[in-house]
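Protein chains in written order, with my numbering: chain U, 1295 to 1450; chain D, 1336 to 2186. Working notes, beginning with the structure itself.
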Amino acid sequence: MSQIKYLLLISRQGKIRLMKWFIPLSSKEKTKIINELTQTILARKPKMCNIVEYSDYKVVYRRYASLYFIVGITPDVDNELLTLELIHRYVETLDSYFGNVCELDIIFNFTKAYDILNEMTMCDGSLAESSKRNILQTIATMDSMDDHDKLDRVLS
Amino acid sequence: MGSSLKSFIKDIRNAKTLADQRTIITKQSAKIRTKLRDDHLPFSKRRVNIQKLLYLYILGEPTHFAQVECINLIASDQFVDKRLGYLATMLLLDEKQDLLTLLTNLLNNDLHHPNKYIVSLALSTLGSLSSYELARDLYPDVIHLIETSSDPFILTKSFQCLAKLIIKDSELTILEIFPIELIKEKFLDSPNVSLLTHGVWLGICKVLQSIVILLLDTSIQETPEFILAIRENLLIILPNLLDQLSSLNVKNYESNYDVQGIRDPFLQCEIIITLKWIFKLAKKVELFSPIKTKYDEKFIDIFTQLTNNSSLSLNKNPTNAILYEVTRTIFELEMNQSLRLLGINILANFLKPTNSASGSTEKGKKSKTNSNNNNNIKYVALNTLIRVVQQEPNAIAKHKKFISHCLYDPDISIKFRSLELTFAILNKDNLIELVNELIKFLHDVSLNNVNSGYVYIDMDESKELINYTIDNLVKRFDLYDSNQEKVKLQNLFEILKLTGNMISVDKLNEFLITINNVEDWKIKINCLVENIVSHMQKGKIPTSNICWNLIMIWSIGEYGDSITNQSNGKISETQLVNYLIQLNTLYSNTSKSSIKNNPSATNNTYNDHITMIQYILTSSLKLSSKINDGGNIESLRQIILNHQKDPNLMLQLKSNQYEMIFNQPANLKKLMLECMPNFVRQIETNGDETFTHTISTKAEAPSIDKNSNLLDLLSDISDKPSNSTASSVKKEVSALTLPNDAVSIFNNDLLEIYSHVVDVQPGNAHYELFFKPLSTPFNELHSLCAVPKQQKLTLGQIQPTHNNIDVNQITKQSLKIAGTGKLKLRVKLNIVTGNNETQQVQFDHKFNETI
Chain U
1295 MSQIKYLLLI
1305 SRQGKIRLMK
1315 WFIPLSSKEK
1325 TKIINELTQT
1335 ILARKPKMCN
1345 IVEYSDYKVV
1355 YRRYASLYFI
1365 VGITPDVDNE
1375 LLTLELIHRY
1385 VETLDSYFGN
1395 VCELDIIFNF
1405 TKAYDILNEM
1415 TMCDGSLAES
1425 SKRNILQTIA
1435 TMDSMDDHDK
1445 LDRVLS
Chain D
1336 MGSSLKSFIK
1346 DIRNAKTLAD
1356 QRTIITKQSA
1366 KIRTKLRDDH
1376 LPFSKRRVNI
1386 QKLLYLYILG
1396 EPTHFAQVEC
1406 INLIASDQFV
1416 DKRLGYLATM
1426 LLLDEKQDLL
1436 TLLTNLLNND
1446 LHHPNKYIVS
1456 LALSTLGSLS
1466 SYELARDLYP
1476 DVIHLIETSS
1486 DPFILTKSFQ
1496 CLAKLIIKDS
1506 ELTILEIFPI
1516 ELIKEKFLDS
1526 PNVSLLTHGV
1536 WLGICKVLQS
1546 IVILLLDTSI
1556 QETPEFILAI
1566 RENLLIILPN
1576 LLDQLSSLNV
1586 KNYESNYDVQ
1596 GIRDPFLQCE
1606 IIITLKWIFK
1616 LAKKVELFSP
1626 IKTKYDEKFI
1636 DIFTQLTNNS
1646 SLSLNKNPTN
1656 AILYEVTRTI
1666 FELEMNQSLR
1676 LLGINILANF
1686 LKPTNSASGS
1696 TEKGKKSKTN
1706 SNNNNNIKYV
1716 ALNTLIRVVQ
1726 QEPNAIAKHK
1736 KFISHCLYDP
1746 DISIKFRSLE
1756 LTFAILNKDN
1766 LIELVNELIK
1776 FLHDVSLNNV
1786 NSGYVYIDMD
1796 ESKELINYTI
1806 DNLVKRFDLY
1816 DSNQEKVKLQ
1826 NLFEILKLTG
1836 NMISVDKLNE
1846 FLITINNVED
1856 WKIKINCLVE
1866 NIVSHMQKGK
1876 IPTSNICWNL
1886 IMIWSIGEYG
1896 DSITNQSNGK
1906 ISETQLVNYL
1916 IQLNTLYSNT
1926 SKSSIKNNPS
1936 ATNNTYNDHI
1946 TMIQYILTSS
1956 LKLSSKINDG
1966 GNIESLRQII
1976 LNHQKDPNLM
1986 LQLKSNQYEM
1996 IFNQPANLKK
2006 LMLECMPNFV
2016 RQIETNGDET
2026 FTHTISTKAE
2036 APSIDKNSNL
2046 LDLLSDISDK
2056 PSNSTASSVK
2066 KEVSALTLPN
2076 DAVSIFNNDL
2086 LEIYSHVVDV
2096 QPGNAHYELF
2106 FKPLSTPFNE
2116 LHSLCAVPKQ
2126 QKLTLGQIQP
2136 THNNIDVNQI
2146 TKQSLKIAGT
2156 GKLKLRVKLN
2166 IVTGNNETQQ
2176 VQFDHKFNET
2186 I
């Protein structure tokens, strides 16, 4: 059962690239979490494990090229190792969608990155769809419906 | 500045300085705000502006002003608008907002939309923003979808959404209506296999988990019919779950869900967890006691099967994730011992150092992330083992080799956990072996510290590691058998040699007591001789290892005579005396110079040096009664006299007192300055693991006033007794009762309020208000009061607590009013009730009194 609290994408320079909160928090609390985690995680050495204790729960992160994918997990519910797989599945899906994804893809197409995440996870951060192919198919269909709508409007 | 999203992002990113960026953001934010306010703005423009706004959201800018705009976008009939509208709504709003009621109708319509993607967007949004009202109004629609839809895509989302609604519904209304038998009939036993995709499975699991968690949470006196039916159905579903789990482990033809060749680890874990919850419920309500063994066996079979299969694909993270889930389940359900041992073996395997043949030849991203895979499994394994070590200490102790191995892991968090676990498994049998291992570890840490070439651990961290190790080792000194005293002393000195410069002087009490309490005199003295000889042969006195010096000083004072006797001439009295003189000069000079440099010196080194001098004084005094050479005795006297005018008051005092003792007749002095008696530890049973040291009454004190001096010597060593009085404070809570003359001033179905006159005088009045919850407990109670303008009010705190007030529990608040006129009061209460609803109560009250 995955019940992640949030997913943050933070660049090596400490810039936030994407954030999704699955629990209601005030913007003050959010800023605090982002600042503290950025500091902790960017300072970690590559050989260290990908699990960090933060506040009264754990945070799992993984670095892909210049981006850190950071996930806050619910203690005793989330499986740390599986959360790593969840991050990886998300990255793989992004990778297939954009075709060799890079940080800039996510910056300029952040709504797509959100769309993919929303197909994969739902509600209080639980995994809804584990198949990369299914997610990509859904997104593709929805994208084409978007284009269709836009085209319609131009024609009319 | 361009108007497209792309140029907007570029503009912000291209800003040269932070200030520039801020200007652009403020400007753009204002622009977006104006644009969105324009009712005639076409939807295409509206979308761009919302997208820009979302970018600002990611940057952490305030975006609340556009929340209504997002909801408006959903109201459009174009898919492209709805899609963005829902996305923005999910991001910008959260469950706590009142605005959500605006969504009710929109969601209701979209849940019945012919376009399945719009339905799915509505479901996602309802799932992430399920406030009480939304959940109450819309759950029938979600159930309807599950009943009627035959599209796995919609079903997946409906189940996830329903799971969320169920778990939030503490009144069980949804459970009462939800046709749980449908899961079995429509999905699990359906001939239409295409309906049961992995997504639908995940959703079903989630719903089942929600149901079970809710049932476990709510305690109902009489079990209603529908709950019995649900339990019945869970029982019927159980075999399907077991079958699916085992089939996931065998067949492998659909690569769509694979992760590194493992079949959908996500679903496997999800089913394991669902099973875990059902078994938990079963345990609590004795659900299937007659057929229990049947299910138990099947469960065990599958677990064994899982572990066997997975051993083929070791070193893969997905496999490890599943195995980890299995072990967590075993321990959480407290399953039988053979399974517990299986679980421990799995975890111990995680700790094994990697063999070079890891088998993964994947390139790029994957191989990069694999490198610290091993660390992660070590981390979770240690964590879990620490948690279950109480259940199976011996089984875990068998794997001590792997645990000790983790002490040398470069990751500090793993080091710490393996340390903790090492101490948890340490017992009489493996004591010597593990302590040696720990000494080796201390050696490693302190060495790295000196070389400072160590990449992963900085000075603070190694200090922390060392202190943690020492603290725990010290507690284990009692574990040594009486025939192991020699090893014990050797270990103790070894530890001090390695870390004496890193630990604080306060920690030495335990070391001193341990040396003091060694029963075999010969072993004790031999060991001391050995250490003193090697210490003195070095010639130069190492000042940095302050703790080591302290032990030496103390030992010389206590056992000076025996040491010289047993050293076979290697150590003379004069050497010992000179040693003390040397150290005295050393520490006196440094403490003086530190005062000069820093007059308000209260730093640690200064304090340490003062402590050292105190020990030197005591030691000199004691040694003086144990030696015969007049010259040496005089030298010792000089050390003591040396401090009679010490700027430090404590040293001055000691020096003068000792001088007095020094001048006592020899036989009296000898009696007073005998070796310390055995320390007897008294273990406080009601406190934490704190020891207080008391001196046994065997101490033969010649006279009372001398005895007080003797006790003074001990004050250096013995800990302050830690009597805990904290518990008594707690008890005073909830003892409040209503005074007899209290008058009711307000009541409704939520609470009653009384007032009570404490004191009324012209110009001053003192009242107390009493609050009593009637129907529901309060999570929080806040009160605000106001009095007429010509008066002044001082409001006290709500006593004893304003949180978690039970029904009928009385709380009070004091009111002090100063001024003149009739006493009138307006009271406003903010209450958060037990089910987290916020209520407000406001009323006016006139008192009879006037001031």
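Note that beta-carbon positions come from the ideal geometry of N, C-alpha and C, so glycine has one too.
Item, Value
"Chain U residues whose Cβ lies nearer than 7 angstroms to that of D/Gln1413", "Asp1443"
"Through-space distance from D/Ile1502 to D/Asp1476, alpha-carbon basis", "17 angstroms"
"Spatial distance of D/Tyr1743 from D/Ile1749 (CA atoms)", "9 angstroms"
"Reference D/Leu2116, options D/Lys1713, D/Leu2164, D/Leu1523, closest by Cα", "D/Leu2164"
"Option in D/Ile1681, D/Lys1417, D/Gln1402, D/Leu1464 with minimal Cα separation from D/Lys1431", "D/Leu1464"
"Closest by C-alpha distance to D/Ser1466, when choosing among D/Cys1496, D/Glu1482, D/Ser1485", "D/Cys1496"
"Closer than 9 angstroms at the beta carbon, the chain D residues around U/Phe1402", "Leu1340, Lys1341, Ile1344, Lys1345"
"Interface flag, U/Lys1299 vs chain D, CB-CB below 7 angstroms", "no"
"Extent of the continuous beta strand (DSSP E) to which D/Leu2158 belongs", "2157 to 2168"
"Outcome for D/Val1415 when other beta-carbon atoms lying within 10 angstroms are tallied against a minimum of 16", "buried"
"Whole-angstrom distance between D/Arg2161 and U/Ile1429, CA atom to CA atom", "59 angstroms"
"Contained alpha helix (DSSP H) runs [length at least 4] in the region 1485 to 1519 of chain D, N- to C-terminal order", "1487 to 1503, 1508 to 1512"
"7 angstroms Cβ cutoff met for D/Ser1459 and U/Met1416", "yes"
"Three or more C-beta pairs below 8 angstroms linking the region 1396 to 1404 of chain U and the region 1363 to 1371 of chain U", "no"
"U/Tyr1358 versus D/Ala1683 - alpha carbon distance", "30 angstroms"
"Residue nearest to D/Thr1553 in terms of C-alpha spacing, selected from D/Gln2174, D/Tyr1592, D/Asn2170", "D/Asn2170"
"CB-CB length for D/Leu1422 against U/Thr1405, believed under 8 angstroms", "6 angstroms"
"DSSP three-state assignment for D/Gly1678, whether helix, strand or coil", "helix"
"Integer Cβ distance of D/Ile1948 from D/Leu1986, believed to fall under 8 angstroms", "6 angstroms"
"Bridge partners - D/His2091, DSSP secondary structure assignment", "D/Glu2103"
"Simplified DSSP assignment, three categories, for D/Lys1842", "helix"
"Where D/Leu1602 falls: helix, strand or coil (DSSP)", "helix"
"Where D/Leu1531 falls: helix, strand or coil (DSSP)", "coil"
"For U/Gly1419, the three-state DSSP class (helix, strand or coil)", "coil"
"For D/Ser2079, the three-state DSSP class (helix, strand or coil)", "strand"
"Cβ contact check for the region 2120 to 2137 of chain D and the region 2075 to 2094 of chain D: 3 or more pairs under 8 angstroms", "no"
"Euclidean distance between Cα positions of D/His2101 and D/Pro2112", "28 angstroms"
"Distance between D/Ser1411 and D/Lys1345 (C-alpha atoms, nearest Å)", "29 angstroms"
"DSSP beta-bridge partners of U/Met1313", "U/Leu1302"
"Residue(s) in a DSSP beta bridge with D/His2117", "D/Asn2165"
"Spatially closest choice to D/Leu1754 from D/Ala1354, D/Gln1726, D/Asn1802, by CA coordinates", "D/Asn1802"
"Pick from U/Thr1332, U/Leu1319, U/Glu1323 that is closest to U/Ile1304, judged by C-alpha positions", "U/Thr1332"
"Contact set between D/Asp1429 and chain U, taken where Cβ atoms lie within less than 9 angstroms", "Trp1315, Ile1317, Pro1318, Leu1319"
"Closest residue to D/Ser1907 among D/Asn1919, D/Tyr1894, D/Leu1918 (Cα-Cα distance)", "D/Tyr1894"
"Segment contact, 8 angstroms Cβ cut-off, at least three pairs: the region 1821 to 1832 of chain D with the region 1984 to 2000 of chain D", "no"
"Per-residue burial, U/Ser1296 [other beta carbons within 10 Å of its own, 16 or more giving buried]", "buried"
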